[in-house]
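K.L.:
For what it's worth, the numbering used here labels the leading residue of the sequence shown as 14, then goes sequentially.
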Amino acid sequence: MSERRRTTPRRPSAGRQERGDRTRQMLIDETVRCIREEGFSAASARHIIDRAGVSWGVIQHHFGDREGLLTAVIEDAVDRLVESLEALSGSAEGMDTTELVQATWQAFANPKAMAGLEILISTKELRAGLDSAHTERLAAAVAGLSQQFESGEDHRHAQTLGMLLWTTPVALMIAEMFARLPLPIDEAQKAIAALIDDRR
Numbered sequence: 014m015s016e017r018r019r020t021t022p023r024r025p026s027a028g029r030q031e032r033g034d035r036t037r038q039m040l041i042d043e044t045v046r047c048i049r050e051e052g053f054s055a056a057s058a059r060h061i062i063d064r065a066g067v068s069w070g071v072i073q074h075h076f077g078d079r080e081g082l083l084t085a086v087i088e089d090a091v092d093r094l095v096e097s098l099e100a101l102s103g104s105a106e107g108m109d110t111t112e113l114v115q116a117t118w119q120a121f122a123n124p125k126a127m128a129g130l131e132i133l134i135s136t137k138e139l140r141a142g143l144d145s146a147h148t149e150r151l152a153a154a155v156a157g158l159s160q161q162f163e164s165g166e167d168h169r170h171a172q173t174l175g176m177l178l179w180t181t182p183v184a185l186m187i188a189e190m191f192a193r194l195p196l197p198i199d200e201a202q203k204a205i206a207a208l209i210d211d212r213r
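Below, the structure is given as structure tokens:
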């Protein structure tokens with residue numbers, strides 16, 4: 014009788030890990046599309062798995078449950094936004110105020126950030142449980158952008174102007190959730206840029 018081979022569990026191969034990462038990102042992206050196209054109320058677990066063409070077990074494997082999936086969407090949105098704001102801070106020196114306002118609004122008004130904001134507005138529990146590391150990174154990125162207004166001798170308005178730069182696109186994101194017609198973004202951006210220039 015021949016001796017049976019003994020085997021030890023293997024770690025997932027690089028290929029399996031890459032496929033798993035792609036599946037995870039696909040589910041996050043599909044949830045973003047669902048929320049942007051149909052609203053947060055449509056983003057039930059059943060509807061998301063139907064749209065994505067996967068089983069509930071796939072959601073459980075990658076996120077645990079629907080709340081874990083929504084949390085991952087928020088964190089992915091924050092990561093994307095932080096990357097955009099950090100890149101903008103590094104290149105903003107040569108921009109005029111209108112270009113800076115437009116670039117900041119573009120960073121905030123991407124589909125992932127819009128979906129993440131809609132989730133946060135709709136779910137008090139997820140707002141309270143958001144990882145502090147993500148909020149701290151976002152706060153640091155916003156602060157870095159606000160430093161663009163500290164070049165002169167008078168820094169009294171720097172913090173206020175920085176807040177104006179990022180809070181107005183957030184307000185626009187909320188307004189767009191309810192607007193039935195396109196909002197006059199260009200005129201709003203010009204008005205914000207003029208107000209900032211007047212106080213710099």
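Just so it is clear, CB atoms sit at the ideal spot from N, CA and C, and this is done for glycine as well.
Using a Cβ-Cβ cutoff of less than 8 Å, which residues in the same chain neighbour Ile61 once the five nearest sequence positions on both sides are dropped?
P.N.:
Within the same chain, Ile61 has close Cβ partners Leu40, Glu43, Thr44, Cys47, Ile72, Arg79, Leu82.
K.L.:
Name the two residues that bound the continuous alpha helix (DSSP H) containing Arg59.
P.N.:
Note, Arg59: alpha helix (DSSP H), 58-65.
K.L.:
Any idea what DSSP makes of Gly175, helix, strand or coil?
P.N.:
Residue state, collapsed to three classes: helix.
K.L.:
Mind checking Leu120: buried by the 16 CB within 10 Å criterion, or exposed?
P.N.:
Before going on, a small fix: residue 120 reads as Ala here, not Leu. When all chains shown are included, Ala120 counts as buried.
K.L.:
According to DSSP, is Ala206 part of a helix, a strand, or is it coil?
P.N.:
If DSSP states are grouped into helix, strand and coil, Ala206 belongs with the helices.
K.L.:
Under the rule that 16 or more other beta-carbon atoms within 10 Å means buried, what is Arg17, buried or exposed?
P.N.:
Because Arg17 sits at a pLDDT of 43, beneath the cut-off of 50, its placement in the model cannot be relied upon, and the point is left open.
K.L.:
Does the Cβ of Gly129 have 16 or more other Cβ atoms within 10 Å, making it buried, or fewer, making it exposed?
P.N.:
Per the 10 Å Cβ criterion, buried.
K.L.:
May I ask whether a heavy atom of the ligand NAD can be found less than 8 Å away from the beta carbon of Asp34?
P.N.:
Summarising the ligand content, the structure contains no ligands, and the ligand NAD is consequently not present.
K.L.:
From Glu131 to Arg212, what distance separates their C-alpha atoms?
P.N.:
If I take the Cα positions, the gap works out to 32 Å.
K.L.:
Inspect the beta-carbon positions of Gly142 and Ala156 and report whether they are closer than 9 Å.
P.N.:
Not in contact: Gly142 and Ala156 (Cβ atoms no closer than 9 Å).
K.L.:
Note the first and the last residue of the continuous alpha helix (DSSP H) segment covering Gly81.
P.N.:
79-104 is the span of the alpha helix (DSSP H), which, as asked, contains Gly81.
K.L.:
Tell me which residue opens and which closes the alpha helix (DSSP H) that Phe162 is part of.
P.N.:
Careful: Phe162 lies outside any alpha helix (DSSP H) and carries neither H nor E.
K.L.:
Going by the beta-carbon positions, is the gap between Val114 and Ile187 smaller than 9 Å?
P.N.:
Their beta carbons are not under 9 Å apart, which means Val114 does not touch Ile187 by this criterion.
K.L.:
Below 9 Å between beta carbons: does that hold for Arg93 and Ala56?
P.N.:
Their beta carbons are not under 9 Å apart, which means Arg93 does not touch Ala56 by this criterion.
K.L.:
Could you check whether Ala105 and Ala122 sit closer than 9 Å to each other, using their CB atoms as the reference points?
P.N.:
Their beta carbons are not under 9 Å apart, which means Ala122 does not touch Ala105 by this criterion.
K.L.:
For Thr84, which of His147, Ile198, Asp210 has the nearest alpha-carbon?
P.N.:
Selected option, being the one with the closest Cα: His147.
K.L.:
Report the start-end ranges of each alpha helix (DSSP H) in the segment 112-149 that is 4 residues or longer and not cut off at the edges.
P.N.:
Segments of the alpha helix (DSSP H) lying fully in the segment 112-149: 124-135, 137-142.
K.L.:
Take the Cβ of Asp109 as the centre, count every other Cβ of all protein chains shown within 10 Å, and call the residue buried at 16 or more, exposed below.
P.N.:
Asp109 is exposed by the Cβ-count criterion.
K.L.:
Starting from the C-beta of Arg150, find all residues in its chain whose C-beta is less than 6 Å away, skip the five residues before and the five after it, and write them out in chain order.
P.N.:
Contacts found: Val95.
K.L.:
Compute the distance between the beta-carbons of Arg49 and Pro124, then report whether it is under 9 Å.
P.N.:
Result yes, Cβ atoms of Arg49 and Pro124 sit closer than 9 Å.
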